[in-house]
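Worksheet: the structure to be examined is printed underneath.
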Amino acid sequence: MTVIPLRIAVLKETAPGETRVALTPETAKKFIGLGAAVAVESGAGVSASIPDAAYAEAGAEVRSSAEVVKGADIVMGVQAPDVAALSGANPGAWVAATFDPFGQRDRVDAYASAGLEALSMEFMPRITRAQSMDVLSSQSNLAGYKAVIAAADAYGRAFPMMMTAAGTIQAARVFVMGVGVAGLQAIATARRLGAQVSATDVRSATKEQISSLGAKPIFVESVAGIEGEGAGGYASEMSDEYKAAQAELVSSHIAKQDIVITTALIPGRAAPRLVSDAQIATMKPGSVIYDLAVAQGGNVEGSVADQVTEKHGVKIIGYSNTPATLPADASALFARNLFNFLSAFWDKEAGRPVLDEEIGDAIRLTRGGQVVSERLKGG
């Protein structure tokens, strides 16, 4: 009896500005080693500096989009493809990708109607055994790094203190708002560049993390924040009293800063407003703000997705897909996250992954023609 191997398909990303790809030759070879057949659309890796020949050398089929999807059991993507692009996939095929489930609910419903099983990589639980599968963390690491590099480029002055025969240049002052994965990497990068760094967060547990990286914690002391971590490792919406105290603290601190990096996000909600126009007006001309939350509405008043704006002589940068500006590394990490996820549940006898309840129920959006995610039901 001939056993038909599980078929994994990867399409070229079609979202505007998306340069990443969900499969690399490295992970293609590993999937094939598990016994899967791997097919990738021609040109899928070009923007990430991966030619078709590299996939073919790894053992993957390189075909047209229709040929790649035909008979697919699992489709992997960075951003979930439109349902129309998945015509020909097997009934009940898995699609493992980022879905923006709250912002693109219509797409989730379309997946349910098509009988596809949508697996949202954003919903990966932040538990120890899932760390290597967490695409948000891997991509946020790169985003935090690139935010500082882009801000430094736009700043027009040196970051480190420089003592020269002509005089001393003072170190740039960098303020990081929101100390999750992106914020911590931003702190570390700014410190490596020689800046004087401070940071703030609503979670009191981050004070020690900030200090450990050689930065100065700036925290509201008069009103209680979140003790320890928020839900899933993310911050939660704070009280009006805390917001007022934080705004006062930020106003007194931000006027002295040269670079501000904002990273605060709340899952399923618009990004919290951290920096007002009035606060921007207190900053020195030539200062730079990088708003990493611009795609969710922005932390900064006046930030515009994918544009560099200027207010009161301050440049405000906000790219909706910062990891895509580092396509080769971002693709390599994303692809490893997907391989780590699927391989962790690989059943050798079945020849395919079999998800457990803890992770499967957390990331599964649709199944059997229905929206099954508890986080989306009724939404």
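Under my numbering, think of the first position of the sequence shown as 6, with each following residue one higher.
Even for Gly, the Cβ is constructed at its ideal location relative to N, Cα and C.
In angstroms, rounded to a whole number, what distance separates the CA positions of residue i and residue j?
i, j, result
"E253", "A283", "12 Å"
"G233", "A210", "Any answer about G233 is weak, because its pLDDT of 44 lies below 50 and its placement is not dependable; what the coordinates show is given next. Cα to Cα, G233 sits roughly 5 Å from A210."
"K261", "R178", "8 Å"
"V184", "S143", "15 Å"
"P56", "E213", "44 Å"
"S336", "L28", "7 Å"
"G238", "E62", "Any reading at G238 must be qualified, since the residue scores a pLDDT of 49, below 50, and its modelled position is unreliable; no value is offered."
"A349", "A65", "21 Å"
"R112", "M288", "41 Å"
"E388", "M126", "Examination of residue 388 is not possible in this model, given that the chain is present from 6 through 384 alone."
"F107", "L381", "7 Å"
"D263", "L338", "31 Å"
"P332", "L297", "17 Å"
"A53", "Q175", "38 Å"
"T32", "V67", "15 Å"
"V376", "G365", "14 Å"
"Q109", "A90", "17 Å"
"V255", "S145", "24 Å"
"V202", "S257", "16 Å"
"L124", "A170", "60 Å"
"F344", "A20", "22 Å"
"S47", "P30", "13 Å"
Apart from the five residues just before and just after residue i, which ones in its own chain have a Cβ nearer than 6 Å to its Cβ?
i, result
"V181", "G188, A191, I192, A204, I266"
"N342", "M138, V140, S143"
"F346", "M138"
"T194", "Y150, V153"
"E315", "none"
"H317", "I285, A286"
"A367", "F128, P130"
"L198", "F164"
"K75", "G93"
"P358", "L347, F350, W351"
"K221", "S203"
"D78", "L11, R12, N95, A98"
Evaluate residue i with the Cβ neighbour count: other Cβ atoms within 10 Å of its Cβ, from every protein chain shown; 16 or more gives buried, anything less gives exposed.
i, result
"T371", "buried"
"D245", "exposed"
"D361", "exposed"
"D87", "exposed"
"S69", "exposed"
"G323", "buried"
"A44", "buried"
"T327", "buried"
Identify which residue in the options has its Cα closest to the Cα of residue i.
i, options, result
"N95", "V73, V113, G323", "V73"
"G373", "V319, G97, T194, A355", "G97"
"A200", "R131, D78, M166", "M166"
"R134", "E379, E363, V377, P30", "E363"
"G93", "I321, R196, A71", "A71"
"L39", "V255, D361, D352", "D352"
"L11", "S217, V45, A355", "A355"
"V319", "G219, N326, G307", "G307"
"I259", "L297, S281, A20, A269", "S281"
"T268", "A59, V376, T24, S325", "S325"
"Q136", "V186, D78, I9, A58", "V186"
"D206", "E122, Y247, I9", "Y247"
Could you pull out every residue in the same chain whose Cβ sits closer than 8 Å to the Cβ of residue i, ignoring the five residues on either side in sequence?
i, result
"M6", "With a pLDDT of 45 at M6, under the threshold of 50, the predicted position of this residue should be treated as unreliable, though the coordinate-derived value follows. Hits under 8 Å: none found."
"A329", "G22, E23, T24, R25, A335"
"S216", "P222"
Taking 7 Å as the limit between beta carbons, can you name the residues of its chain near residue i, skipping five residues before and five after?
i, result
"K34", "A63, G64"
"D334", "L147"
"A49", "V15, L16, K17, V26"
"F448", "Residue 448 falls outside the range modelled here, since the chain spans only 6 to 384, and no answer is possible."
Can you check whether the C-beta of residue i is within less than 9 Å of a C-beta belonging to chain B?
i, result
"N345", "Here there is only one protein chain, and chain B is not present."
With a cut-off of 8 Å, do at least 3 Cβ pairs link the region 90-110 to the region 69-82?
yes
Touch test, the region 117-136 against the region 308-322, Cβ-Cβ under 8 Å, three pairs minimum
Judged by Cβ distances under 8 Å, the region 117-136 makes no contact with the region 308-322, as fewer than three pairs qualify.
Would you call the region 286-295 in contact with the region 157-165, where contact means no fewer than 3 C-beta pairs closer than 8 Å?
yes
Is the region 272-281 touching the region 301-308 in the sense that three or more CB pairs, one from each, lie closer than 8 Å?
These segments touch.
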